[in-house]
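Residue numbers (UniProt numbering): 1 to 346.
Note that beta-carbon positions come from the ideal geometry of N, C-alpha and C, so glycine has one too.
First up is the structure itself, then whatever we jot down about it.
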């Protein structure tokens with residue numbers, strides 16, 4: 001008959017000693033060697049405290065419809081045409097002012113409420129004797145981040161291209177990438193760069209100088225830059241055809257660097273500290289103390305034989321248990337009978 005186990009109770013052994021005994025000193029040293037060396041190793045490996053972290057976020061970017069445009073003409077020296085959306089700048093240009101036709105369109109491809117790209121087109125009317133050898137273009141954007149800290153700034157995309165041959169069209173397809181000289185904060189509101197890139201209300205020509213605008217913009221710790229490794233310059237313009245700038249500017253997902261908060265630093269340090277004792281315990285654990293663990297290499301060498309033995313032992317286990325119980329009961333009865341005989345004998 002098969003027997004089932006209904007209750008089991010483990011055997012516990014307790015060892016006691018005084019506080020000044022060798023066992024207490026050994027336990028104290030073992031505890032200190034378990035927790036203090038991992039702390040020193042994690043701290044001295046220069047990875048204990050988390051000083052900088054990062055996350056991914058697609059920024060909220062909107063084109064502000066502010067444009068500053070310069071076209072370099074040739075072959076005469078000093079010939080250029082200029083135009084901007086700032087009336088003060090246009091008044092300073094005099095005969096060099098030429099008003100182009102501008103069309104823009106922002107597109108949200110994945111319908112997530114954030115714009116993904118800007119389609120910009122500028123058509124500059126030219127006379128038959130005018131030829132464009134180079135262009136300089138500034139577009140301004142509103143740039144916002146909201147996942148960790150709320151970061152708001154006004155940024156720009158600067159496009160500059162010049163070629164030896166007169167062109168008819170410039171095609172640009174690039175990304176508006178974020179550049180950080182220092183990490184952002186993990187929380188709060190940051191509006192230190194929420195100021196106009198171009199001072200459009202100034203009547204002075206110095207405020208519209210491209211050298212001054214770019215130098216002041218590069219003083220920021222957080223900026224945006226238009227990346228396009230391969231702008232396309234097309235030649236062969238008709239006599240009365242305009243010069244065209246076609247630009248596709250994408251707003252990609254950015255990896256934002258930030259300074260972690262107190263609890264994030266503590267969490268990272270706790271993980272680094274706890275992992276060291278667990279690794280040491282795993283390395284110092286014996287391979288096996290029971291008789292079955294000692295036979296594991298032999299069983300691993302012959303998996304089919306081991307599996308067959310396990311199956312056969314599992315099927316014979318109830319019968320072996322019943323046989324052992326019957327032998328124990330028979331032995332107990334015999335012992336009792338011998339004791340009775342010895343007592344009754346004179």
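In the DSSP annotation of this structure, residue 194 is not part of any beta strand (DSSP E), being labelled neither H nor E. Cβ-Cβ distances below 6 Å link residue 85 to 66 and 67 in the same chain, with the five nearest sequence neighbours on each side left out; the list follows chain order. Closest option to residue 113, judged by alpha-carbon separation, among 142, 132 and 58: 58.
When the beta-carbon positions are compared, residue 234 and residue 169 come within less than 8 Å of each other. Sequence-distant Cβ neighbours of residue 171 in its own chain, meaning closer than 6 Å and more than five residues away, are 232 and 246. Between residue 132 and residue 174, the gap from beta carbon to beta carbon reaches 8 Å or more. Take the alpha-carbon of residue 96 and the one of residue 226: they are about 27 Å apart. Following the DSSP letters along the chain, one finds residue 255 inside the beta strand (DSSP E) bounded by residues 254-258. Looking at 273, 216, 163 and 209, the one whose alpha-carbon comes closest to that of residue 90 is 209. By the beta-carbon neighbour count (other beta carbons within 10 angstroms, threshold 16), residue 155 is buried. Just so you know, the alpha carbons of residue 140 and residue 52 end up roughly 30 Å apart.
The DSSP-derived three-state label of residue 152 is strand. Note on residue 243: 16 or more other CB atoms within 10 angstroms of its CB, so buried under the neighbour-count rule. If only complete runs of 3 or more residues are kept, the segment 24-110 shows the beta strand (DSSP E) at 53-57, 60-74, 80-84 and 101-107, in order along the chain.
About 16 Å separates the CB atoms of residue 101 and residue 130; that is not less than 8 Å, and the two are not in contact.
Within its own chain, the residues whose Cβ lies closer than 7 Å to the Cβ of residue 195, once the five positions on either side in sequence are excluded, are 154, listed in chain order. As a beta-bridge residue in DSSP terms, residue 167 pairs with 132 and 235.
With a threshold of 16 other beta carbon atoms within 10 Å, residue 165 falls short and is exposed. Straight through space, the alpha carbons of residue 256 and residue 152 are spaced by roughly 14 Å.
The alpha-carbon separation between residue 137 and residue 80 amounts to approximately 13 Å. Residue 117 is bridged by DSSP to 107 and 250. Between residue 159 and residue 61, the gap from beta carbon to beta carbon reaches 8 Å or more.
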